[in-house]
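One structure is given below, encoded as structure tokens.
Number of protein chains: 2
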Amino acid sequence: MRTSIATVCLSGTLDEKLAAASLAGFDGVEIFEPDLVASPHSPEQIRGRAKELSLTLDLYQPFRDFEGVGPELLEQNLRRAEAKFALMNRLGIDTMLLCSNVATARSGDEQLAAAQLCQLGDAAERYGVRVAYEALAWGRFVDSYEAAARIVRLADHPRIGLCLDSFHILSKGHSPEAIETIAADKIFFVQMADAPLLSLDVLSWSRHHRLFPGEGGFQLGEFMAHLVRTGYDGPVSLEIFNDTFRQSDPVATAIDARRSLRWLEHETAMALGDRGGGRAARMSTRRLPEVAQPADVNYVELRTAALPALRQLLSQLGFRSHGRHRTKNVELWSQGDARIVLGAPDRQSRQPTVAGIGLSVDDPAPALRRAEDLFAPEVPREQGAGEETLVGVRAPDGSEVFFGAAGGTEPGWVSEFGTADDAAGPDLIERVDHINLAQPWQHFDAAVLFLRSVLDLHAEASTEVAAPVGLVRSQVLHSADGVVRVALNLVPSGAADDAILPQHIAFAASDVLSLARAARERGFTPLDIPANYYDDIGARYQIETALLDELRELNVMYDHDESGEFLHFYTGPIGTVFLEVVERRDGYSGYGALNAPIRLAAQYQHRRAAQVVPE
Amino acid sequence: MRTSIATVCLSGTLDEKLAAASLAGFDGVEIFEPDLVASPHSPEQIRGRAKELSLTLDLYQPFRDFEGVGPELLEQNLRRAEAKFALMNRLGIDTMLLCSNVATARSGDEQLAAAQLCQLGDAAERYGVRVAYEALAWGRFVDSYEAAARIVRLADHPRIGLCLDSFHILSKGHSPEAIETIAADKIFFVQMADAPLLSLDVLSWSRHHRLFPGEGGFQLGEFMAHLVRTGYDGPVSLEIFNDTFRQSDPVATAIDARRSLRWLEHETAMALGDRGGGRAARMSTRRLPEVAQPADVNYVELRTAALPALRQLLSQLGFRSHGRHRTKNVELWSQGDARIVLGAPDRQSRQPTVAGIGLSVDDPAPALRRAEDLFAPEVPREQGAGEETLVGVRAPDGSEVFFGAAGGTEPGWVSEFGTADDAAGPDLIERVDHINLAQPWQHFDAAVLFLRSVLDLHAEASTEVAAPVGLVRSQVLHSADGVVRVALNLVPSGAADDAILPQHIAFAASDVLSLARAARERGFTPLDIPANYYDDIGARYQIETALLDELRELNVMYDHDESGEFLHFYTGPIGTVFLEVVERRDGYSGYGALNAPIRLAAQYQHRRAAQVVPE
């Protein structure tokens, strides 16, 4: 699959955009006209620069408002097009994108449009270039790819073909099936965009909310399968208008973009199935290395300057210390199958507080190969003699994901630490229930794609939670069996302070009330939940008075769903992290979403109280 | 008009919200249930706190999903409601908001809903409270105020009335006229919200994009006029769900909110006209002090650490120095009727670079009274003996607006500076054409309301411009005669750096090409516009070759509209400000919007070049 990306997807100058696309391994780029016009370099210099970077210049775009006009305007439009064809010759670009007319068309007569495109084709012929006609979803007369295909068929000109854009097709609910009826040599270009499923006018949706494939809700593997079956073998390109990408580091965005196309290639191969694309198919589509779902969260690595406070907290919750690692400056705490690797922050690498997640997999080797195939950089790791091999990759937010072999009562690397303390009591905590990662706004969509593609997690519907400082968008991704669950939280962009939305680890306990009581006896102070909360749930649910009193006494929160109940409590924040302990009764499958605003407010209150200097 | 605000409009804890509402001068508040539940204070403590702050507690909200259910659920719902009534008694709140059922209603039978509301009314009676039923725009069966009014009429219970919310009515395109058919004693509560005119599903629109009255596109004065004619005299409250307000300083938001209701009161009085609201009307609605439109931009005050560079630039553009002010540490530069007051930044007051705008008005006294009536804080100003009286107020971004008397060839205060230099040439600059203010994202909507209400400027449609670091939302406001024009630019939230979107002043010149040439002879270097731009406009427009060459030579940009042409050039950025000179030929009325992305890219390139350390 030949990959391309429109320069409009990336922030910065044209130079910076080209460099980012090249670094991320794209084969080519589309040149978005305003990027060229704003560049201080001549078309010849840009052509030279692309060559140095091993990038092909695949498309010049967009040319607008050409067809369906009266004779006078047509003449002007042809003159305007010829100036662009001459420019394309200087750039060495052979294809121009023509959008269906939105502003100046007076007629929807397809014969007329075809005749005018023919004239444009004759002009293109003189410059040795060709024109890819695209139906915009908001075109005045031509707003479906089937209409555009009819006009191109009527024009019947070797220099006039189609550009297919998944957004313009799927956003209107049009079926992509009829793509298979189009002759491959009439498909000049393909742009693939994903998007969240919004009920927004299609123009605003397109201009602000497009996403890279795999980050939204469109079925793009199916779409691509139709395309492959036509025999199309040209570039598969990304033209993504997105408010966030426009503001983000272009290199990070380009890597995210390149990953999305690798994921799309895999999804396409899956959609095509074992029989491939049939006899006509020419595009090669490779699947990703197949990996089993992670069997378990092996460990979570926390890096924090508040080590003494976190040690105390873990100890109060019943964790045992295993002491320091044989060669590395980290320590291990465990309880049941929950393991926390604890260390001081490495200032140079800008790690988030949840610096690493270890996953148990059947075989780490293919998991790593899959991650590398998806452009996830491998994390170099020093390995002492006799130490277990762990391989890992870096996630978009800078944290690390390590793969270790599943099986046995405990992972081999545990013995690289000291012997565990005696337990203070029974192991009430059983394992990590979920990991809650606050994501900076620039990395949220990229993090979703990373977890979906590299770890093959499934994305649940996203929700929004009101915090005292803004709305927090939250998206849970989980493995097929629900053993690995990661919640991503999008920090409100106005909340510059890290502390406003800390990361958190939730542990699964067999008996959260006993644990809360035992922890209290060890000096633990939970996050203080207001009395009003217990009055409210008392009015809202049928909770027995004895249980309600116990919840209130222990600051334990409550929720239920159709299958069961959920009891959970929180620690206060320790720097930029806090802990939660949850008990899922009878298959409760949520995360206590209704309680989240109360918890966020209690944390805000806690922070405010800590800021107040007593008089 | 009694004013109220829902606590959900403001950020922070309930304590912080109450304090902000009180400080801004609201009469009362609506208590949003999650704010109460999350508060560590008991209902009695909250009641006491509101009393201390002279705030009435006007509404407890929201209660959901009550009516249209089966008998078993009804019983649960009644029990739930009674718990809330008891809570309201503790808070001292007499009205509860009941939203039309969105989730659990099984029947749309209005008789059934009315009978169930009657049962609820009986329960309310026992607690001495009442219920205001509101049709949500997305209610399952009841989604219009007329349906809600029918049900309330059928219920015919003294404790059951209506809550009218302008958003739920106007967002669905329902006419508010039929409000006049509702008996005043059946309207228990009124919530007023504005919103931008979006084509978004009504739920998302409501939850993220509501605005305070005067900041969006709804005709709220007309809406209120219908309400006043019924005889309603209860609170007019704001329930605004807005992503930005949730993240902003609650005091600033509350003042913006209070201003919006004062503006709405004025608009209501205007809509009612001289005959008022008819015999039934009981609500008092005062107009704002009437003021004439500003006659001119008297001066612009710039505060910058880059004084020497800015002096040089003004001198190159042909401005004359008048030297220092008699008593203040600022200097004056002028050309034609364009005047720049220049000074070093006052670090303590956090002024933006465009620290002040002076406007000539017929009579400064009513202009100030109007501003004060709109909660704009007066700026204290030291006035030396014999100096002209200038009165001013502070805008949401911290800048100042000063009113001076119009008339005469030049303002009296000019003589408080020294004598002007001799002119270097003819005065090619005539006056300030427009002022372009970058607004932090927290202040954008508030700035729109400030300019509309305090200065009576008219808002044009907002546009979006692509910058290399994100999309910039831009909104122009102008006086009726177009003499005063202010463009507000919303800085992308990711662009933390001030320098990314500087403020700018555009001067109107009679002959921009001669000015550009004369400035060049004085050593001026304009912002460098790429050659590709001139190739592009050459292909796009029919510009004579000689003119195109001159534009290219002088880095002057070009645009046209149906009436005339626009020629303009830019200076490089000086700290966080830059200057523009424009020539409007034959009544061109725009701002060169198509050129804005090119200019933004050129500025970005300029900054990047300045950052590069030569090897």
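Here the protein sequences line up with chains A and B, keeping their order. Here this note's numbering is used: the first residue of the first sequence is 1, the next is one more, and so on. Here this note's numbering is used: the first residue of the second sequence is 616, the next is one more, and so on. Heads up, the beta-carbon is just placed ideally off N, CA and C, and yes, glycines get one too.
Alpha-carbon spacing of cysteine 778 of chain B relative to cysteine 733 of chain B, whole angstroms: The straight-line gap from Cα to Cα measures roughly 16 angstroms.
Please report the straight-line C-alpha distance between threonine 1266 of chain B and glycine 836 of chain B, rounded to a whole angstrom. Nothing can be reported for residue 1266 of chain B: it is not among the residues displayed for chain B, which extend from 616 to 1230.
Does leucine 527 of chain A get closer than 7 angstroms to chain B when you measure Cβ to Cβ? The Cβ of leucine 527 of chain A sits no closer than 7 angstroms to any Cβ of chain B.
Chain B residues whose Cβ lies nearer than 7 angstroms to that of asparagine 532 of chain A: Those within 7 angstroms of asparagine 532 of chain A in chain B are Leu651, Val652, Ser654.
Across which residues does DSSP place methionine 96 of chain A in a beta bridge pair? Within the DSSP bridge table, the entry for methionine 96 of chain A names A/Tyr60, A/Val131 as partners.
For threonine 628 of chain B, go through chain A and note every residue whose CB falls closer than 8 angstroms to its CB, in chain order. In chain order: Pro468, Ala601, Tyr604, Gln605, Arg608.
Spell out the partners DSSP gives phenylalanine 681 of chain B in its beta bridges. According to DSSP, which records beta bridges pairwise, phenylalanine 681 of chain B is partnered with nothing at all.
Does any residue of chain A bring its CB to less than 7 angstroms from the CB of leucine 1086 of chain B? Chain A, which has a Cβ nearer than 7 angstroms to the Cβ of leucine 1086 of chain B, makes this yes.
Can aspartate 1201 of chain B be considered in contact with the ligand ADP, in the sense that its beta carbon sits closer than 6 angstroms to one or more heavy atoms? Of the ligands one can find in the structure shown there are none, so the ligand ADP has no counterpart to examine.
Can you tell me which of B/Gly1019, B/Thr942, B/Arg695, B/Pro655 puts its alpha carbon nearest to the alpha carbon of valine 915 of chain B? Ranking the options by Cα distance to valine 915 of chain B, first place goes to B/Gly1019.
Alpha carbons only, please: which of A/Met192, A/Asp363, A/Gln351 is nearest the one belonging to alanine 438 of chain A? Minimum Cα distance to alanine 438 of chain A is reached at A/Gln351.
Once DSSP output is grouped into helix, strand and coil, what is the label at phenylalanine 212 of chain A? Of the three classes helix, strand and coil, the one that applies to phenylalanine 212 of chain A here is coil, per DSSP.
Please state whether DSSP places proline 34 of chain A in a helix, a strand or coil. Proline 34 of chain A falls in the helix class under three-state DSSP.
Three-way DSSP call (helix, strand, coil) for alanine 1211 of chain B in this model: When DSSP states are grouped into helix, strand and coil, alanine 1211 of chain B belongs to the helix group.
Does the structure place the stretch 331-346 of chain A close enough to the stretch 476-484 of chain A that three or more beta carbon pairs sit under 8 angstroms? The stretch 476-484 of chain A vs the stretch 331-346 of chain A: no contact.
Interface residues of chain A around aspartate 816 of chain B at Cβ under 8 angstroms? Near aspartate 816 of chain B (Cβ distances below 8 angstroms), the residues of chain A are Leu198, Ser199, Leu200.
Let me know if threonine 919 of chain B comes out buried or exposed under the rule of 16 or more other beta-carbons within 10 Å of its beta-carbon. Counting Cβ neighbours within 10 Å, threonine 919 of chain B comes out buried, since at least 16 surround it.
Between the stretch 244-257 of chain A and chain E, which residues of the former have a C-beta closer than 7 angstroms to a C-beta of the latter? Going by chain labels, chain E is absent from the structure shown, which instead holds the protein chains A and B.
C-alpha gap between alanine 953 of chain B and glutamine 908 of chain B, whole angstroms: Looking at the two C-alpha atoms, the distance is approximately 19 angstroms.
Buried or exposed: asparagine 944 of chain B, going by 16 or more other Cβ atoms within 10 Å of its Cβ? Its Cβ having fewer than 16 others within 10 Å, asparagine 944 of chain B is exposed.
Would you mind giving the Cβ-Cβ distance between alanine 21 of chain A and valine 29 of chain A, rounded to the nearest angstrom? I have them listed as a contact below 8 angstroms. Contact holds; Cβ gap of about 5 angstroms.
With 16 other Cβ atoms within 10 Å as the buried cut-off, status of proline 71 of chain A: By the Cβ-count criterion, proline 71 of chain A is exposed, with fewer than 16 other Cβ atoms from all chains shown falling within 10 Å of its own Cβ.
Can you give the Cα-Cα distance for proline 1229 of chain B and phenylalanine 212 of chain A, rounded to whole angstroms? Note on proline 1229 of chain B: pLDDT 44, under 50, position unreliable in the model; the coordinate value appears next. Distance from the CA atom of proline 1229 of chain B to the CA atom of phenylalanine 212 of chain A, rounded to whole angstroms, is 37 angstroms.
Taking the beta strand (DSSP E) that isoleucine 255 of chain A falls in, what are its first and last residues? First-last for isoleucine 255 of chain A: 250-272, but that is the alpha helix (DSSP H), not the beta strand (DSSP E).
Taking C-alpha atoms, which residue in B/Leu651, B/Leu842, B/Phe681 lies nearest to leucine 672 of chain B? Cα-wise, what sits closest to leucine 672 of chain B is B/Leu651.
Pick from B/Ala1081, B/Arg894, B/Ala1000 that is closest to threonine 942 of chain B, judged by C-alpha positions: The shortest C-alpha separation from threonine 942 of chain B is found at B/Ala1000.
Is the CB-CB distance between histidine 1073 of chain B and histidine 1093 of chain B below 7 angstroms? Yes. Within cutoff.
Buried versus exposed call for alanine 1216 of chain B [16 or more other C-beta atoms within 10 Å across all chains shown]: With 16 or more neighbouring CB atoms inside 10 Å of its own CB, alanine 1216 of chain B falls in the buried class.
According to DSSP, which residues form a beta bridge with proline 1141 of chain B? Paired residue(s): B/Thr1186.
Quick one: Cα of leucine 513 of chain A to Cα of serine 563 of chain A, how far? Rounded to whole angstroms, leucine 513 of chain A to serine 563 of chain A spans 20 angstroms at the Cα level.
Tell me, please, whether the CB atom of proline 345 of chain A is closer than 7 angstroms to any CB atom in chain B? By the rule that beta-carbons nearer than 7 angstroms mark a contact, proline 345 of chain A does not touch chain B.
Going by beta-carbon coordinates alone, are leucine 989 of chain B and arginine 1137 of chain B separated by less than 7 angstroms? Result no, Cβ atoms of leucine 989 of chain B and arginine 1137 of chain B do not sit closer than 7 angstroms.
Evaluate glutamate 134 of chain A with the Cβ neighbour count: other Cβ atoms within 10 Å of its Cβ, from every protein chain shown; 16 or more gives buried, anything less gives exposed. By the 10 Å Cβ count, glutamate 134 of chain A comes out buried.
Could you check where the beta strand (DSSP E) with glutamine 1090 of chain B kicks off and where it finishes? Where glutamine 1090 of chain B is concerned, the enclosing beta strand (DSSP E) stretches over 1085-1093.
Any beta carbon of chain B sitting closer than 7 angstroms to that of aspartate 165 of chain A? Under the Cβ distance rule, aspartate 165 of chain A does not count among the residues neighbouring chain B, no pair being separated by less than 7 angstroms.
With which residues is alanine 646 of chain A paired in a DSSP beta bridge? Residue numbering for chain A in the displayed model covers 1 to 615; residue 646 of chain A lies beyond these limits and cannot be assessed.
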